[in-house]
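Number of protein chains: 2
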Amino acid sequence: MTTAVTADSLVSRAADLDAADPLRHCRERFLLPEGTTYLDGNSLGALPAAVPDAMRDAVHRQWGTGLIGSWFGGDAEWWGLPERLGDRVGALLGAAPGQTVVGDSTSVQIFNTLTAAARLRPNRRLLLTDAGHFPTDAYLADSVGEMLGLEVRRVPAAQLREALEADGDRTAVVAFPAVDFATGERWDMPGLTAAAHAAGALVVWDLCHAAGALELQLDAWDVDFAVGCTYKYLSGGPGAPAFAYAARAHHAMMRQPLTGWTGHADPFAMRGTYEGAAGIGRARIGTPTVLSMLALEAAIGAFDGVDLATLRAQSLSLTGFFIECCDALLGGRGFEIVTPREPERRGSQVTLRHPDAVKLVPAAAERGVVGDKREPDLLRYGFNALYNTHADAVRAATTLAELT
Amino acid sequence: MTTAVTADSLVSRAADLDAADPLRHCRERFLLPEGTTYLDGNSLGALPAAVPDAMRDAVHRQWGTGLIGSWFGGDAEWWGLPERLGDRVGALLGAAPGQTVVGDSTSVQIFNTLTAAARLRPNRRLLLTDAGHFPTDAYLADSVGEMLGLEVRRVPAAQLREALEADGDRTAVVAFPAVDFATGERWDMPGLTAAAHAAGALVVWDLCHAAGALELQLDAWDVDFAVGCTYKYLSGGPGAPAFAYAARAHHAMMRQPLTGWTGHADPFAMRGTYEGAAGIGRARIGTPTVLSMLALEAAIGAFDGVDLATLRAQSLSLTGFFIECCDALLGGRGFEIVTPREPERRGSQVTLRHPDAVKLVPAAAERGVVGDKREPDLLRYGFNALYNTHADAVRAATTLAELT
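Residue numbers (full-length UniProt numbering), protein chains in the order written: chain A, 1 to 404; chain B, 1 to 404.
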């Protein structure tokens, strides 16, 4: 006797799981269009409900009325945004205050941070970076390599330990993503950080697909540097500013190449030569993009009172259940599940492979299930435990079944 | 018989000048707090009236409802913002379309542009930059110098021609501001560009205090590169994104170090190695900060139909009249006018020196006249011809007289 898993039974299980979801009160913290199953928060997070009022206040009161006075006066205090927001983001990364700044784009932060890290190992001429890294990480590693005269070697994350065994003593910096942007595979951050340190190298982690989704412990794992964006699981808005983390132990010696005036020890003294601020402030670059930062500040309130272990457990429940749904409903339809099935090897997205991916993703979106594609044949569905549900997972798999 | 210029006669002349102002219809394009004379638009421009609605639309409709689809779909087309906005800014710089991008901070654009320029003169090892340049320009010139192995020499703008005569054949890049941030002095951009070219060097102009205030002609003056911010006379909002101009003739050969993925020739092919886009697109860096950019896009509409020659003439009328008011009302009170009196040597601000500047600026602000200070002894009053009036000028001088 076999027990076929039916769509109906999955819908019923989803309802039970969603009823028991300890984060279900967080869903009302987002304004999602009715009828849409939004599984593209790994690319652009949904709109947090607190953002519209915050932006109205930012424009009318802080800018329009407070004018220049809002940089330092009243409750606006724009000047402090990079560090103030940095601490808010840092709390979601397992970073004690005073080690994270927010600003600029991830690309800019990668350049600044890779260079600062490499300069801390001046006698080592090798930079190891992920062969499957997101393109901007790869491009900027090459650029840093050219400017500093480093060899840049691309290594699959799964082979990093071997590479360190062979060439660790020449390796200045190891730069990898916490979660692969294409496959959704999660790498062993604490283990690989320890391996890099054992070889005397420093690590720079890209947390774009991890911040706000995983239970990160940057301080406890002894991470040196990390960067990431805030527009995916942190739902900070389109192109929201990036963040950079630098462990306190490096603050005194680190030298970022983007020596913008706001990172100066005494910026308004307007001195002619650069002297970086004593703490994480030296990782500040130019004048902060206030409006985008204030949107992020409001958005990040959606994490208030959320325990990261609970968040991670819910994320795994959602992605695990989606894999179950795909197994049950998509068999024999040309799909392959690319993301690892072991929970500890998953981020918060599930990637499927299908020869018609490029057509299926927009077709599903027309039916209200929004994900994204990566050419030539990947479908990516990201789950944000603050607003996605197990019902979303069934609907997505059902829709893909209907289309194939 | 002497004719003393009285405050009353200045008020009367101001009224006549304002009644004849060809740009007086532009004042309603800004939302200024009642009772405030805002003369700090050279630091943060006032709120353009079109911004609040644009931001509401950006947040609710484009982000909240359009979600990921707004990057390429509908009328949002966020992806195109850097070039689309670049062309809008370029039109105010005398730049034909396709040579300007908007994004990131001025500091980041300085680094990217100085490096790209220096790489076009690989056999020259000297970078000449303004001894009185804004600090971030000085710091980033030093950083570029360190990374590329260039000597960075600080030269007062007034001595640039002599420096070029002495060492022009070793000079790769000449990096100066169009207008001095502290004194408001305007330098001879076309003449100094020609002098640099005669020596075989390239120019990088910082237009922070010029864009939206002067009648710039980057194409006609044969400028190589320029950068600037959009939050001063362009009123794009606090920390609004910067711009970078690169003359078309350099597009094929220029190599920016910040090789972010959005500047790739085919960004969504996600290739492992960088190949810059064919045109100005290669000056793009990371993911654009959409909300800040959409505020700027709405703001720049305040220039619609404004002829730059008229704008410049009005700006000179305002600053010239303010100098007259200061001469008439501030004599014997310890003030010195720092900004040159010759119109062609002025930007759009007037800087005064007074031993009590640090106290006078906030005291005047309390009486509704907002400017800013630069320690130890400078008062800066910036005039934006789109919203400032000759009445503002009299009021500012009168207020300073009352306080001294």
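Ideal placement from N, C-alpha and C gives every residue a C-beta, glycine not left out.
Residue i - containing alpha helix (DSSP H), residue span
i, result
"glutamine 151 of chain A", "Reading the sequence as shown, one finds glutamate at residue 151 of chain A and not glutamine. From DSSP, glutamate 151 of chain A is part of no alpha helix (DSSP H) but of the beta strand (DSSP E) over 151-155."
"aspartate 18 of chain A", "7-19"
"valine 144 of chain A", "135-148"
"aspartate 206 of chain A", "Premise fails: aspartate 206 of chain A lies in the beta strand (DSSP E), 202-206, not in any alpha helix (DSSP H)."
"glutamate 344 of chain B", "That residue, glutamate 344 of chain B, is in no alpha helix (DSSP H); it is neither H nor E in DSSP."
"histidine 390 of chain B", "390-403"
"glutamine 109 of chain A", "106-119"
"proline 257 of chain A", "Where proline 257 of chain A is concerned, there is no enclosing alpha helix (DSSP H), given that its DSSP letter is neither H nor E."
"glycine 80 of chain A", "Premise fails: glycine 80 of chain A is in no alpha helix (DSSP H) and is neither H nor E."
"phenylalanine 181 of chain A", "Where phenylalanine 181 of chain A is concerned, there is no enclosing alpha helix (DSSP H), given that its DSSP letter is neither H nor E."
Proximity to residue i [Cα-Cα], best of the options
i, options, result
"aspartate 21 of chain A", "A/Thr399, A/Ala393 and A/Leu386", "A/Leu386"
"glycine 149 of chain A", "A/Thr259, A/Arg119 and A/Gln159", "A/Arg119"
"residue 407 of chain A", "B/Ser43, B/Met55, B/Leu92 and B/Glu77", "Here chain A covers residues 1 to 404 and nothing more, so residue 407 of chain A does not appear."
"glycine 64 of chain A", "B/Glu83, B/Asp40 and B/Trp71", "B/Asp40"
"phenylalanine 243 of chain B", "B/Cys208, B/Leu216 and B/Gly263", "B/Cys208"
"glycine 332 of chain B", "B/Arg353, B/Thr171 and B/Glu342", "B/Arg353"
"glycine 80 of chain A", "A/Ser107, A/Gly263 and A/Ala157", "A/Gly263"
"threonine 6 of chain B", "B/Leu330, B/Pro340 and B/Gly132", "B/Leu330"
"glutamine 109 of chain A", "A/Asn123, A/Phe181, A/Pro267 and A/Pro82", "A/Pro82"
"aspartate 327 of chain B", "B/Val350, B/Cys229, B/Arg312 and B/Gln314", "B/Val350"
"tyrosine 231 of chain B", "B/Arg248, B/Ala246, B/Ala213 and B/Gln217", "B/Ala213"
"glycine 228 of chain B", "B/Thr398, B/Asp266 and B/Ala178", "B/Ala178"
"phenylalanine 134 of chain B", "B/Ala182, B/Val51 and B/Ala158", "B/Ala182"
"alanine 393 of chain A", "A/Cys325, A/Asp377, A/Leu47 and A/Ala252", "A/Cys325"
"leucine 126 of chain A", "A/Ala172, A/Ile337 and A/Ala117", "A/Ala172"
"glutamine 62 of chain A", "A/Ala299, A/Ala50 and A/Glu77", "A/Glu77"
"alanine 365 of chain B", "B/His390, B/Pro355, B/Thr399 and B/Ile323", "B/Thr399"
Residue-level contact to chain A via CB, residue i, 8 angstroms cutoff
i, result
"tyrosine 38 of chain B", "yes"
"valine 179 of chain B", "no"
"methionine 1 of chain B", "Confidence at methionine 1 of chain B is low in this model, with a pLDDT of 41, below 50, so the placement of that residue is unreliable and no value is reported for it."
"tyrosine 381 of chain B", "no"
"proline 22 of chain B", "no"
"tyrosine 139 of chain B", "yes"
"aspartate 104 of chain B", "yes"
"arginine 271 of chain B", "yes"
"leucine 47 of chain B", "yes"
"arginine 61 of chain B", "no"
"proline 122 of chain B", "no"
For residue i, the first and last residue of its enclosing beta strand (DSSP E)
i, result
"valine 350 of chain B", "349-353"
"leucine 234 of chain A", "Taken as a continuous stretch (DSSP letters only), leucine 234 of chain A belongs to no beta strand (DSSP E), as it is neither H nor E."
"proline 177 of chain A", "171-177"
"alanine 244 of chain B", "243-246"
"phenylalanine 225 of chain A", "225-228"
"threonine 129 of chain A", "126-130"
"threonine 100 of chain B", "100-102"
Cβ of residue i within 8 angstroms of any chain B Cβ
i, result
"tyrosine 387 of chain A", "no"
"residue 440 of chain A", "Look at the range of chain A in this structure, 1 to 404, and you will see that residue 440 of chain A is not part of it."
"alanine 283 of chain A", "no"
"tyrosine 245 of chain A", "no"
"aspartate 266 of chain A", "no"
"glycine 239 of chain A", "yes"
"leucine 67 of chain A", "yes"
"threonine 399 of chain A", "no"
"glycine 80 of chain A", "no"
"threonine 287 of chain A", "yes"
"valine 370 of chain A", "yes"
"threonine 183 of chain A", "no"
Residue i - partner residues in DSSP beta bridges
i, result
"arginine 380 of chain B", "B/Thr351 and B/Asp372"
"residue 408 of chain B", "Nothing can be reported for residue 408 of chain B: it is not among the residues displayed for chain B, which extend from 1 to 404."
"tyrosine 38 of chain B", "B/Val370"
(message) Would the region 281-288 of chain A count as touching the region 94-105 of chain A if we require 3 or more Cβ pairs under 8 angstroms?
(response) yes
(message) When you compare the region 128-141 of chain B with the region 267-277 of chain B, are there three or more beta-carbon pairs, one atom per stretch, that lie closer than 8 angstroms?
(response) no
(message) Does the structure place the region 191-207 of chain B close enough to the region 245-259 of chain A that three or more beta carbon pairs sit under 8 angstroms?
(response) no
(request) Kindly confirm or deny that the region 143-157 of chain B and the region 72-92 of chain B touch, where touching means at least three C-beta pairs closer than 8 angstroms. (result) no
(request) Decide if the region 184-195 of chain A is in contact with the region 216-224 of chain A; the criterion is three or more beta carbon pairs, one per stretch, under 8 angstroms apart. (result) yes
(request) Determine, using beta-carbon pairs with one atom in the region 359-375 of chain B and one in the region 374-388 of chain A, whether at least three such pairs fall under 8 angstroms. (result) no
(request) Please determine if the region 338-345 of chain A and the region 169-186 of chain A are in contact, where contact requires at least 3 C-beta pairs separated by less than 8 angstroms. (result) yes
(message) Three Cβ pairs or more, each shorter than 8 angstroms: is that satisfied between the region 287-299 of chain B and the region 231-238 of chain A?
(response) yes
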